[in-house]
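J.: The structure that follows is given in the form of C-alpha cells.
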Amino acid sequence: MEESALTPRTPGYKIKRRNIRVVCGLFVLAIISFLLLTFRLFTDTETTSVWTAKVTSYLSRAPGAMNSPPQLLPETALEEILARGAPILGHDTGCSRGKSATCDWMAKVPDHTKLVHMNIPGTHDTATGNYSDARQAELIRYTGPIQEAKAFRCQERSIFQMLNDGIRVFDLRYAYNPGNDTIGFYHSLALLAPTTTIVDVLYGYYSWLEKHPSETVLLSFNHEGGSRMIEDEKLQRMILDLFSKATQDDTSLNRLKHKFWVQKRGELGTLGESRGKIILFQRFSYGKLSPPPDPTTLIGLDLGGDRWTDNGDDIHLVYNANTNATAFIEDRYSITLAEGTPPSVDAYVTAKFDAITAHIEKATLPDPSTANQLFWSFTSAAVLQDPTSNLVMYPITYARGDESTPGINKRLLPWLKARKGKRFGIIMMDFYDSEPGLVEAVLGL
Numbered sequence: 013m014e015e016s017a018l019t020p021r022t023p024g025y026k027i028k029r030r031n032i033r034v035v036c037g038l039f040v041l042a043i044i045s046f047l048l049l050t051f052r053l054f055t056d057t058e059t060t061s062v063w064t065a066k067v068t069s070y071l072s073r074a075p076g077a078m079n080s081p082p083q084l085l086p087e088t089a090l091e092e093i094l095a096r097g098a099p100i101l102g103h104d105t106g107c108s109r110g111k112s113a114t115c116d117w118m119a120k121v122p123d124h125t126k127l128v129h130m131n132i133p134g135t136h137d138t139a140t141g142n143y144s145d146a147r148q149a150e151l152i153r154y155t156g157p158i159q160e161a162k163a164f165r166c167q168e169r170s171i172f173q174m175l176n177d178g179i180r181v182f183d184l185r186y187a188y189n190p191g192n193d194t195i196g197f198y199h200s201l202a203l204l205a206p207t208t209t210i211v212d213v214l215y216g217y218y219s220w221l222e223k224h225p226s227e228t229v230l231l232s233f234n235h236e237g238g239s240r241m242i243e244d245e246k247l248q249r250m251i252l253d254l255f256s257k258a259t260q261d262d263t264s265l266n267r268l269k270h271k272f273w274v275q276k277r278g279e280l281g282t283l284g285e286s287r288g289k290i291i292l293f294q295r296f297s298y299g300k301l302s303p304p305p306d307p308t309t310l311i312g313l314d315l316g317g318d319r320w321t322d323n324g325d326d327i328h329l330v331y332n333a334n335t336n337a338t339a340f341i342e343d344r345y346s347i348t349l350a351e352g353t354p355p356s357v358d359a360y361v362t363a364k365f366d367a368i369t370a371h372i373e374k375a376t377l378p379d380p381s382t383a384n385q386l387f388w389s390f391t392s393a394a395v396l397q398d399p400t401s402n403l404v405m406y407p408i409t410y411a412r413g414d415e416s417t418p419g420i421n422k423r424l425l426p427w428l429k430a431r432k433g434k435r436f437g438i439i440m441m442d443f444y445d446s447e448p449g450l451v452e453a454v455l456g457l
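In this text, residue positions in the sequence shown follow the numbering used here: the first is 13, and each later residue adds one.
Laid out in C-alpha cells, this is it:
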C-alpha cells in the first residue's frame, strides 16, 4: 500500500516536524562546536579566550538552546531596577572608542591565568561617584549637618563608567538605608543614595556581565561602621541570604547565584573559571548570627573581622588555612609625617606614595614564598586636618595634588610604566580618571 503524503492534517505531523527541528538544531550546534574546536587548535590562546566566552554566551541565549538559563529579568522590570540604581550605577552607554583597549581587557588574557598573577585596577569607596555638594544638600534631611562633600568623595565616575573604563575591583561600603528595611551605600556619615539598594546595584553588575562574558568582577563588601546605622542580626541575615552558596531550590535568587557568583570559598582560581561571574571579597563578619553560618555554605574570600589591621601598610591576612593562601594588603589611609617634617601637600602625598610603592614593589619580586599569593594595594587616603597647621588634606588632594605638587596618580603613572611587565596585583585608586593612561599602566598596556 502506497504511503500517503505528510500534511498538516496528517496525525503525528506536528511531532515529526518538531523532531526535525530538534535534529536540525543539534546539527547546527555540532557544526558550531566543531568550528570552535578547530579555531582553538589553530589560534593563539589569548584570542581564543574571548571567542570561547562570546560563543558560549550566544549559545546559552539562543532560542531553543538546550538547558538555556532563564532571562535575567523581563526588560521592563530590569529597566526599573537599573533606574532605581542609577544614582550609584549611572547609565551603561557602552564602551567609548577611546576606551576600547580596556573595556574588555580580560578577553586577551588566557583562561589558565591565575587571578593572583594578574594586574587588576580597582576603585576605593566606589559608590561615592555622585556625591557632590548639591547631592549632599539634597540628603541633609537624612544625615544632618556633616563635613563638606569633598571630605567623603573619592570618585567622579559611576559604576557603569568604571566597568567600561576597565575597572574590575570595587570597594562597596553598606549599611541600612533610612528606615532599616533595605541595604544601601555610605562613606562614613555620608549616605549616598537613600532609595538605591544593594540588590539594585548587583543587578547592574549582572546586566553588564551579560554583555561582557569574557570579564570577571571582584566585589569587596564591608559594613560602614561610621554610618551610625545599626548592624544587627537582621542586617547580617539579609547579607547572608545574598552571599551564601546557591542551593538546588529553583528560585530566582538561586538562579542568579549559580549564573553570576563564583561558588568557591577561600580560593581565587583562574580567570577562565570565573569569566562572566563575580568573586566576593568578604570584609564583614557574621558575628551577630547565632549559631554562626556553616562555613561550607559561604562563598568568596574571608577578609573580615579584626584580622584586617586598621591603617596597616603591610597586612598579612590568611584566607585559606588549609592552603595558607594569604592576602598581602597595604591600606594606610591615615597619613602621619615623620617628626620634624614641615607639613605640606608634597610631604603628605610623598608619605602615602612611599607606602604604596613599597608594597607594590614586593609584588614585583620573584619571591617563591609570595609568588602565588594575592597582593592588594590602596592608593587612597582619608581627609586629614594637619595638627600643627591649617592644612587640610582631602582624598582629592592626595590623588591630584595641587597647583605646585603632583598627586599620587600623576606620580604612579611613570612608576608603573617603568615596571611594565611586572606583577602589581590589585591596585585600588581614587579619582583614577584624573590621570589619562593610569588604568592602562596598571594593566601594562
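The C-beta atom is built at its ideal place from N, Cα and C for all residues, glycine as well.
(1) What does the alpha-carbon distance come out to for the pair M440 and G156?
(2) Taking all protein chains shown into account, do 16 or more other C-beta atoms lie within 10 angstroms of the C-beta of I132, making it buried, or fewer, making it exposed?
(3) Could you have a look at A187 and say whether DSSP puts it in helix, strand or coil?
(4) Looking at the unbroken alpha helix (DSSP H) that takes in G433, where does it start and where does it end?
(5) In the DSSP assignment, find the alpha helix (DSSP H) that holds S346 and state where it starts and stops.
(6) Check for me: the alpha helix (DSSP H) holding V274 runs from which residue to which?
(7) Alpha carbon to alpha carbon, how far is P355 from S226? Give it in angstroms, no decimals.
(8) Is the number of C-beta pairs between the region 257-272 and the region 194-203 that are closer than 8 Å three or more?
(9) Which residues bound the alpha helix (DSSP H) around V128?
(10) Taking the C-alpha atoms as reference points, what is the distance between D183 and G352?
(11) Taking only three categories from DSSP, how would you classify T263?
(12) Going by DSSP, what residues sit across from I290 in a beta bridge?
(13) Is the Cβ-Cβ distance between K300 and E243 less than 8 Å?
(14) Would you report the Cα separation of P81 and S286, rounded to the nearest angstrom?
(15) Quick one: residues in its chain with C-beta nearer than 7 Å to the C-beta of V454, no 5 flanking neighbours on either side, listed in chain order?
(16) In chain order, which beta strand (DSSP E) runs of at least 3 residues are fully inside the region 134-193?
(17) From L425 to Q397, what distance separates their C-alpha atoms?
(18) Mapping the DSSP letters down to three states, classify D314 as helix, strand or coil.
(19) Just the C-alpha distance for H270 and K289, rounded to the nearest angstrom, thanks.
(20) Quick one: what's got a C-beta closer than 6 Å to Y360's C-beta in the same chain, skipping five residues either side?
(21) For W388, report the span of its alpha helix (DSSP H) as first-last.
(22) Quick one, which of L252, F296, I341, N332 has its alpha-carbon nearest E309's?
(23) Are F172 and L268 touching if we call contact CB-CB under 8 Å?
(24) Touching or not, the region 147-155 and the region 405-419, by the rule of three or more beta carbon pairs under 8 Å?
(25) So, for E452: in the same chain, excluding its five sequence neighbours on each side, which residues have a beta-carbon less than 6 Å away from its beta-carbon?
(26) Taking all protein chains shown into account, decide if E447 is buried (16 or more other Cβ within 10 angstroms of its Cβ) or exposed.
(27) In three-state DSSP terms, what is T207?
(28) Does M441 come out as helix, strand or coil in the three-state DSSP assignment?
(29) Relative to the C-alpha of S108, which residue among G178, Q167, A146, N332 is closest?
(30) Ordered along the chain, which non-local residues of its own chain (more than five positions away) have a Cβ less than 8 Å from that of Y70?
(31) Which of the three DSSP states, helix, strand or coil, is assigned to A339?
(32) Within the same chain, show all residues whose beta-carbon is closer than 6 Å to that of L203, passing over the 5 residues directly before and after it, in chain order.
(33) Under 7 Å Cβ to Cβ from A411, same chain only, skipping five residues before and after it: list those, please.
(34) For G237, name the three-state secondary structure that DSSP assigns.
(35) How many whole angstroms separate the CB atoms of R295 and F365, which I take to be in contact at a CB cut-off of 8 Å?
T.: If we stick to the structure as given:
(1) The straight-line gap separating the alpha-carbon atoms of M440 and G156 is approximately 30 Å.
(2) Under this definition I132 is a buried residue.
(3) Under the three-state reduction of DSSP output, A187 falls in the strand class.
(4) Neither: G433 is in no alpha helix (DSSP H) and is coded neither H nor E.
(5) No alpha helix (DSSP H) holds S346; DSSP gives it neither H nor E.
(6) Unbroken run through V274: none, as it is neither H nor E.
(7) Spanning the two alpha carbons is a distance of roughly 47 Å.
(8) The way I'd put it, the region 257-272 doesn't touch the region 194-203; fewer than three beta-carbon pairs between them come closer than 8 Å.
(9) Where V128 is concerned, there is no enclosing alpha helix (DSSP H), because DSSP gives it neither an H nor an E.
(10) Per the coordinates, the alpha-carbon of D183 lies some 35 Å from the alpha-carbon of G352.
(11) For T263, the three-state secondary structure derived from DSSP is coil.
(12) I290 pairs with V229, W273.
(13) A contact, by the Cβ cut-off of 8 Å.
(14) Reliability of the predicted coordinates at P81 is poor, the pLDDT of 42 falling under 50, and no value is obtained from them.
(15) Cβ within range, chain order: N131, P133, L428, F436, I439.
(16) Listed in chain order, they are 181-188.
(17) Answer to the nearest angstrom: the Cα atoms are 27 Å apart.
(18) D314 falls in the strand class under three-state DSSP.
(19) Rounded to the nearest angstrom, the two C-alpha atoms are 9 Å apart.
(20) Taking C-beta separations shorter than 6 Å and ignoring five residues to either side along the sequence, the partners of Y360 in its chain run I347, M405, following chain order.
(21) Segment 386-390 is the beta strand (DSSP E) holding W388; no alpha helix (DSSP H) there.
(22) Sequence check: residue 309 is Thr here, not Glu. That would be L252, whose Cα lies nearest to the Cα of T309.
(23) Contact: no.
(24) The region 147-155, when compared against the region 405-419, does not touch it at the 8 Å Cβ threshold.
(25) None.
(26) Buried: at least 16 other Cβ atoms inside 10 Å.
(27) Per DSSP, reduced to three states, the secondary structure at T207 is coil, with no helix or strand assignment.
(28) Taken through DSSP and simplified to helix, strand or coil, M441 comes out as strand.
(29) For the residues G178, Q167, A146, N332, the minimum Cα distance to S108 belongs to G178.
(30) For Y70, the predicted structure reports a pLDDT of 36, less than 50, and the residue's modelled location is therefore unreliable. The matter cannot be settled from this model.
(31) Note: A339 maps to strand in three-state DSSP.
(32) So the list reads L151, Y154, T155, once near-sequence residues are dropped.
(33) If we look at A411 and ignore the five residues flanking it on each side, its Cβ neighbours are G419, I420, N421, D442, F443, S446.
(34) In this structure, G237 counts as helix in the three-state DSSP scheme.
(35) About 24 Å separates the beta carbons of R295 and F365, which is beyond the 8 Å limit, so they are not a contact pair.
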